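Visitor: What follows is a single structure, and I will ask about it in a moment.
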Amino acid sequence: MTAPPGALTDGVPGGGVLLGWVLVTDAEAAGGARVDPVFLSAGRAWTPDQFRAAYGQQLCVVVGRER
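When the letters of the sequence shown are read in order and numbered with our numbering, they come out as residues 651 to 717.
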């Protein structure tokens, strides 16, 4: 999870392990859909849209790889 400098992040759990990917309907995306990550945080699975709805629209999900 990332947030812009100065964003309030008290009470926002950190992102966790990537569980998989999901196809989400999106009228603004090419072809009418996009692929989003599903990740574990605070003991449950989330998509970025669900996480932002619960904890704040300013949050961003970044998928990376451990080295």
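Yeah, the Cβ is synthetic: ideal placement off N, Cα and C, and Gly gets one too.
A quick note: this is a predicted structure, and the numbers were derived from the prediction, not measured.
Taking 7 Å as the cut-off, decide whether the C-beta atoms of Arg-690 and Leu-669 are in contact.
Guide: Here residue 690 refers to the residue found at position 40 of the sequence shown. Here residue 669 refers to the residue found at position 19 of the sequence shown. This sequence places Leu at residue 690; Arg is not what is there. Yes; because the gap between Cβ atoms is below 7 Å, this pair is in contact.
Visitor: Going by DSSP, what residue range makes up the beta strand (DSSP E) through Asp-686?
Guide: Along the sequence shown, one-based indexing puts residue 686 at 36. It spans 683–691 - the beta strand (DSSP E) in which Asp-686 sits, taken as one unbroken run.
Visitor: Pick out whichever of Tyr-705, Asp-686, Gln-700 and Ala-695 has its Cα sitting closest to the Cα of Val-667.
Guide: Here residue 667 refers to the residue found at position 17 of the sequence shown. Comparing Cα positions, the closest option is Ala-695.
Visitor: Using three-state DSSP, classify Ala-680 as helix, strand or coil.
Guide: Start at 1 with the first residue of the sequence shown, and residue 680 comes out as number 30. Correct three-state label for Ala-680: helix.
Visitor: What is the DSSP secondary structure of Ala-695, reduced to helix, strand or coil?
Guide: Sequence index remark: in the sequence shown, residue 695 carries index 45 (1-based). Strand.
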